[in-house]
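Peer 1: This is the structure I have questions about; it appears just below.
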């Protein structure tokens, strides 16, 4: 496997960063998870726009233009002869000293990994996923906005660990007000009386690229949609539920905390959204 690392492509065994990189020492950096489908990098421009937003939010200068980053991502896929892949684009603060101060890091580091990923077995896309609610609350937007996709994922990781302890693969995280924010790595949607509903980003939800694609798909399908404050009771009483993310894509949810959602099977709107998404990813984006 070839990894892009600070201006060159190296074998994965040689892709090393310094132990003094603040991305490692402090989680100081930003990233994007991107998908390649049939030689098409899905919504690459939107991913790069979000990366730039995240970098500005944490006052991190990306040492490449958007066009350069686009070519680096595509070339990483070409170097590995991939037509379907999960791509991780990372910008760290770079090498500094052991202090917290970011100004000791003169040059950010950029690396890109393109590899295969299968977040959930196919059976969950066919039959649905049972999820839980975990005790760990989503970080308040005033502390670290969910709109910033930073390398500091400890909040999500704690939620993921708790999900496993409860015997689930994914979990809902509530915000400090008790509303549903998102899952540990995915956005969440419910269907109630034919209307598609998702938590507002102001509640701690990441403005996901796949989330945005589903909003477009819903409009295309003529499904009414809105973002709103969402409680666990809204999820329990929903007719349908599904999760979205670059890794997860669109995966149905059939139960929360042991309580069946709808009839306990992926619903018709969920299936329509998933089918439309799978068609869209092959034609929308950037060819490598």
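Numbering (my numbering), first residue to last: 296 to 583.
In this text, a Cβ means the ideal position worked out from N, Cα and C, and glycines have one as well.
All values reported here derive from a predicted model rather than from experimental measurement.
In this structure, does DSSP put residue 471 in helix, strand or coil?
Peer 2: Locating residue 471 in the chain shown gives position 176, where the first residue counts as 1. Looking at residue 471 - three-state DSSP - the assignment turns out to be coil, as it is neither helix nor strand.
Peer 1: Helix, strand or coil for residue 422? Go by DSSP, reduced to three states.
Peer 2: As a working note, residue 422 is residue 127 in the chain shown. Looking at residue 422 - three-state DSSP - the assignment turns out to be helix.
Peer 1: Taking 8 Å as the threshold, find out whether the region 431 to 448 comes into contact with the region 314 to 325 through three or more Cβ pairs.
Peer 2: They touch, by the three-pair rule.
Peer 1: Using C-beta distances below 6 Å, list every residue in its chain close to residue 470, excluding the 5 sequence neighbours before and after it, in chain order.
Peer 2: Position 175 of the chain shown, counting from 1, holds the residue named residue 470. For residue 470, where only same-chain residues beyond five positions count, the Cβ hits under 6 Å are 433, 476, 498, 499.
Peer 1: Starting from residue 486 and walking both ways along the beta strand (DSSP E), at which residues does that stretch end?
Peer 2: The residue labelled residue 486 in the question sits at position 191 within the chain shown. From DSSP, the beta strand (DSSP E) with residue 486 extends over 482 to 487.
Peer 1: Counting beta carbon pairs with one atom in the region 450 to 457 and one in the region 402 to 422, are three or more of them shorter than 8 Å?
Peer 2: No: fewer than three Cβ pairs fall under 8 Å.
Peer 1: Looking at residue 487 and residue 533, is the spacing between their C-beta atoms short of 8 Å?
Peer 2: Counting from 1 along the chain shown, the entry for residue 533 is found at position 238. Counting from 1 along the chain shown, the entry for residue 487 is found at position 192. Yes, these two residues count as a Cβ contact at 8 Å.
Peer 1: What is the C-beta distance between residue 545 and residue 569, in whole angstroms, given that I count them as a contact (C-beta under 8 Å)?
Peer 2: Taking the chain shown and counting its residues from 1, the one referred to as residue 545 is at position 250. Taking the chain shown and counting its residues from 1, the one referred to as residue 569 is at position 274. Sure, about 4 Å apart at Cβ, within 8 Å.
Peer 1: Could you work out which residue in 353, 392, 348 is closest to residue 314 when comparing CA atoms only?
Peer 2: Taking the chain shown and counting its residues from 1, the one referred to as residue 314 is at position 19. Among 353, 392, 348, the Cα nearest to that of residue 314 is on 392.
Peer 1: Under three-state DSSP, which class holds residue 306?
Peer 2: Here residue 306 refers to the residue found at position 11 when the chain shown is read from its first residue. Correct three-state label for residue 306: strand.
Peer 1: Which value, in whole angstroms, describes the spacing of the CA atoms of residue 297 and residue 407?
Peer 2: Here residue 297 refers to the residue found at position 2 when the chain shown is read from its first residue. Here residue 407 refers to the residue found at position 112 when the chain shown is read from its first residue. Spanning the two alpha carbons is a distance of roughly 9 Å.
Peer 1: Let's see if you can read the secondary structure: which residues bound the beta strand (DSSP E) around residue 522?
Peer 2: On the chain shown, position 227 is the one that residue 522 refers to. 520 to 522 is the extent of the beta strand (DSSP E) around residue 522.
Peer 1: Kindly confirm or deny that the region 325 to 339 and the region 370 to 385 touch, where touching means at least three C-beta pairs closer than 8 Å.
Peer 2: yes
Peer 1: Between the Cα of residue 364 and those of 354, 375, 376, 336, spot the shortest distance and give me the residue it belongs to.
Peer 2: Taking the chain shown and counting its residues from 1, the one referred to as residue 364 is at position 69. With distances taken between Cα atoms, residue 364 lies closest to 336.
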